[in-house]
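Colleague: Heads up: the sequence shown begins at 1 in the working numbering, then just goes up one per residue. Even for Gly, the Cβ is constructed at its ideal location relative to N, Cα and C. Since this is a predicted model, take the numbers as computed values, not measurements.
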Amino acid sequence: MSTRFESGASVAQTIPLCIPEIRGNEWKYVKDCLDTGWVSSVGSYVDRFEADMARYVGTKRAVATSNGTSALHIALLVAGVQPDDEVLVSTLTFIAPANAVRYAHAWPVFMDADPDYWQMDVAKVADFLRDECRREAGGALINKRSGRRMRAILPVHVLGHPVDLDPLLALARDYGLAVIEDATESLGADYKGRRVGQFGDLACFSFNGNKLLTTGGGGMITTNDDRLADRAKYLTTQAKDDPVEYVHHEVGYNYRLVNLLAAVGCAQLEQIDGYVAAKRAIAKRYADALADLPGVMPMKQAPWAASVFWMYTALFDESVWGADFRSLLKAFSAEKIQTRPLWQPLHQSRAHQGAQAYRCDVAERLGRIALSLPCSVGLSEEQQQRAIAVLKKETGHRRA
Ligand SMILES: *Cc1c(COP(=O)(O)O)cnc(C)c1O
């Protein structure tokens, strides 16, 4: 692509934060849908994508959905979350899981992030369940402050790294709570050698444009429980109770993934090993380059985890960078490099104003000092060096 402005010296191209990688059989499979007319909500690619995802994640079943948020909504319903129940949700996350709790007419109670890996702090969850809840005679767990029933835990594996699941699953068993993993950011990550998405009663994935694997938009529910999978399929497909007659016993949803998009998903999933390897190589290069910069903390990986480093994020110590490290954003954008601060913790968002939050001080600090750096699967080493050069230059200024 040539422009009038490019005379002689080459003009640096914008480096995006995290964009899709489309180099496999996507065209071929989409063309197959178009050629055969199987474009909509029934078709072989939907079945194949579900089977391929179940195999990859390591679950018995997978149910495709229109997006990750609708997957979460249905997973909550299928897990038995009732109106006015409460669900423990990570506060340091993209907003979708908390919104899904509200779609189910339930209430989020926000849990803090741990300072090392930024995942739901399981020790604080244990404290909360022990100190802030009581068990009723019938076995229901009640939040002492709200008087509502606590029904489920929704841990989010943020940024490609798993939550510490074993102690969390033990708590869920002890207190009789369902577990729904939000694995939308961590497809391909392992917890103690097993893929995330197979640990909870149900788990959810997203194929949004910025996720590791994309269909443009799409989602998936995984589970080892046939009954839960059948119910999820039923609710996502308008709750049809007869294959021929229009008979419905419940109000369902149209949350299906169409065959055209499932075709893209099948092609993407064929390439996932290469995507994961690319993300890990990018993370390694950042970790090496950032290690010597003062006040910069590279992303860590727990000993029990194999992260996919979906969104490479570093912390910028306030004592070195000042309270407003966002000046860095300007330095990057002057070089046409896209970066992004991490999320505002959900308990501080107006959307979930009034929701209970339990000792969420770590998430508040992380939300202030984190910055995500370019990390597309297709990021070249040269592009990554440009991003690293900005960091080195800015650190030079601070050191002076
Ligand atoms: C991307 C994402 C989702 C789902 O997003 P959709 O755009 O609805 O597919 C859910 N939870 C988290 C934490 C996410 O990052």
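Taking the straight line between their C-alpha atoms, what separation do you get for Cys18 and Ser206?
Modeller: Numbered from 1 along the sequence shown, position 18 holds the residue referred to as residue 18. Numbered from 1 along the sequence shown, position 206 holds the residue referred to as residue 206. Cα-Cα distance, rounded: 15 Å.
Colleague: Could you spell out where the alpha helix (DSSP H) holding Pro167 opens and where it closes?
Modeller: Mapped onto the sequence shown, residue 167 falls at position 167. From DSSP, the alpha helix (DSSP H) with Pro167 extends over Leu165 to Tyr175.
Colleague: Would you say Ser372 touches ligand 1, meaning its beta carbon is less than 8 Å from a heavy atom?
Modeller: Taking the first residue of the sequence shown as position 1, residue 372 is located at position 372. No, the beta carbon of Ser372 sits no closer than 8 Å to any heavy atom of ligand 1.
Colleague: Would you say the beta carbon of Asn67 comes nearer than 8 Å to a heavy atom of ligand 1?
Modeller: Numbered from 1 along the sequence shown, position 67 holds the residue referred to as residue 67. Asn67: yes, Cβ under 8 Å from ligand 1.
Colleague: Check whether the region 177-186 and the region 229-239 touch, using three or more Cβ-Cβ pairs below 8 Å as the test.
Modeller: The answer is no - the region 229-239 does not touch the region 177-186, with fewer than three Cβ pairs under 8 Å.
Colleague: Leaving out five residues before and five after His248 in sequence, what residues of the same chain have Cβ atoms less than 8 Å from its Cβ?
Modeller: Numbered from 1 along the sequence shown, position 248 holds the residue referred to as residue 248. Excluding positions up to five away in sequence, the list reads Gln238, Ala239, Lys240 and Asp241.
Colleague: Touch check for the region 38-46 and the region 251-260: three-plus C-beta pairs under 8 Å?
Modeller: At 8 Å Cβ cutoff, the stretches touch.
Colleague: Taking the alpha helix (DSSP H) that Trp321 belongs to, which residues open and close that run?
Modeller: If you number the sequence shown from 1, residue 321 lands on position 321. Per DSSP, Trp321 belongs to the alpha helix (DSSP H) from Glu318 to Trp321.
Colleague: Within the same chain, show all residues whose beta-carbon is closer than 6 Å to that of Tyr275, passing over the 5 residues directly before and after it, in chain order.
Modeller: The residue given as residue 275 occupies position 275 in the sequence shown. Excluding positions up to five away in sequence, the list reads Leu212 and Val377.
Colleague: What residue range does the alpha helix (DSSP H) around Leu290 cover?
Modeller: Here residue 290 corresponds to residue number 290 of the sequence shown, with the count starting at 1. Note, Leu290: alpha helix (DSSP H), Ile272 to Leu290.
Colleague: One question on the structure: do Phe309 and Met297 come within less than 9 Å of each other, judged by their Cβ atoms?
Modeller: Stepping through the sequence shown from its first residue, residue 309 is reached at position 309. Stepping through the sequence shown from its first residue, residue 297 is reached at position 297. Cβ atoms of Phe309 and Met297: not closer than 9 Å.
Colleague: Might you give, ordered along the chain, the residues of its own chain that have their beta carbon closer than 8 Å to the beta carbon of Gly209, omitting 5 neighbours on each side?
Modeller: In the sequence shown, residue 209 corresponds to position 209, counting from 1. Ile19, Pro20, Gly216 and Gly217.
Colleague: Confirm, please, whether the CB-CB distance from Phe110 to Gln353 is below 9 Å.
Modeller: Against the sequence shown, residue 353 aligns to sequence position 353. Against the sequence shown, residue 110 aligns to sequence position 110. Their beta carbons are not under 9 Å apart, which means Gln353 does not touch Phe110 by this criterion.
Colleague: How many angstroms separate the CA atom of Gly200 from the CA atom of Ala229?
Modeller: In the sequence shown, the residue the question calls residue 200 occupies position 200. In the sequence shown, the residue the question calls residue 229 occupies position 229. Each residue's Cα considered, the two are about 13 Å apart.
Colleague: Do Thr69 and Gly252 have their CB atoms nearer than 9 Å?
Modeller: Residue mapping note: residue 69 aligns to position 69 of the sequence shown, counting from 1. Residue mapping note: residue 252 aligns to position 252 of the sequence shown, counting from 1. No, the Cβ-Cβ distance between Thr69 and Gly252 is not below 9 Å.
Colleague: In terms of DSSP beta bridges, what is Ala123 paired with?
Modeller: Counting from one through the sequence shown, the residue named residue 123 turns up at place 123. In the DSSP output, where bridge partners are listed per residue, Ala123 has none listed.
Colleague: Using CA coordinates, which residue listed in Ala281, Leu329 and Ile142 is at the minimum distance from Glu381?
Modeller: As a working note, residue 381 is residue 381 in the sequence shown. For Glu381, the nearest C-alpha among the options comes from Ala281.
Colleague: On the CB-based measure, 16 or more other CB atoms within 10 Å of its CB, does Val244 come out buried or exposed?
Modeller: Start at 1 with the first residue of the sequence shown, and residue 244 comes out as number 244. Label assigned to Val244: exposed.
Colleague: Assuming Asp85 contacts Arg173 under a Cβ cut-off of 8 Å, what Cβ separation, rounded to an integer in Å, is found between them?
Modeller: Translated into positions along the sequence shown, residue 85 becomes position 85. Translated into positions along the sequence shown, residue 173 becomes position 173. No, Asp85 and Arg173 are not in contact; Cβ-Cβ is about 18 Å, not under 8 Å.
Colleague: Starting from the C-beta of Gly176, find all residues in its chain whose C-beta is less than 7 Å away, skip the five residues before and the five after it, and write them out in chain order.
Modeller: Within the sequence shown, the letter at position 176 stands for residue 176. So the list reads Gly139 and Leu141, once near-sequence residues are dropped.
Colleague: Would you call the region 158-172 and the region 42-55 in contact, with 3 or more CB pairs under 8 Å?
Modeller: The region 158-172 is not in contact with the region 42-55.
Colleague: State the DSSP-derived secondary structure class of Cys375, mapped to helix, strand or coil.
Modeller: Mapped onto the sequence shown, residue 375 falls at position 375. In this structure, Cys375 counts as coil in the three-state DSSP scheme.
Colleague: Taking 8 Å as the line, does the beta carbon of Ser70 fall inside it for any heavy atom of ligand 1?
Modeller: Start at 1 with the first residue of the sequence shown, and residue 70 comes out as number 70. Because some heavy atom of ligand 1 lies under 8 Å away, the Cβ of Ser70 counts as near it: yes.
Colleague: Are the beta-carbon atoms of Ala71 and Tyr255 separated by less than 9 Å?
Modeller: Reading the sequence shown from its first residue, position 71 is the one you call residue 71. Reading the sequence shown from its first residue, position 255 is the one you call residue 255. In contact: Ala71 and Tyr255 (Cβ atoms closer than 9 Å).
Colleague: With respect to the alpha helix (DSSP H) encompassing Trp27, which residues constitute its N-terminal and C-terminal limits?
Modeller: By 1-based counting over the sequence shown, the position of residue 27 is 27. Glu26 to Thr36 is the extent of the alpha helix (DSSP H) around Trp27.
Colleague: Once the 5 residues before and after Val125 are set aside, which same chain residues still bring their CB inside 8 Å of it?
Modeller: On the sequence shown, position 125 is the one that residue 125 refers to. So the list reads Leu88, Met111, Ile153, Leu168 and Leu171, once near-sequence residues are dropped.
Colleague: Under DSSP, the alpha helix (DSSP H) around Ile22 begins and ends at which residues?
Modeller: Taking the sequence shown and counting its residues from 1, one reaches residue 22 at position 22. Segment: none, Ile22 is in no alpha helix (DSSP H) and carries neither H nor E.
Colleague: Under a Cβ-count criterion, where at least 16 other Cβ atoms within 10 Å of its own Cβ denotes burial, should Thr3 be classed as buried or exposed?
Modeller: Counted from its first residue, the sequence shown places residue 3 at position 3. Confidence in Thr3 is poor, its pLDDT being 42 and thus under 50, which makes the residue's placement too unreliable to answer from.
Colleague: Output yes or no for whether 9 Å exceeds the beta carbon distance between Gly265 and Ala64.
Modeller: Here residue 265 corresponds to residue number 265 of the sequence shown, with the count starting at 1. Here residue 64 corresponds to residue number 64 of the sequence shown, with the count starting at 1. Their beta carbons are under 9 Å apart, which means Gly265 touches Ala64 by this criterion.
Colleague: Counting along the chain, where does the alpha helix (DSSP H) carrying Thr236 start and finish?
Modeller: Start at 1 with the first residue of the sequence shown, and residue 236 comes out as number 236. Residues Asp226 to Thr236.
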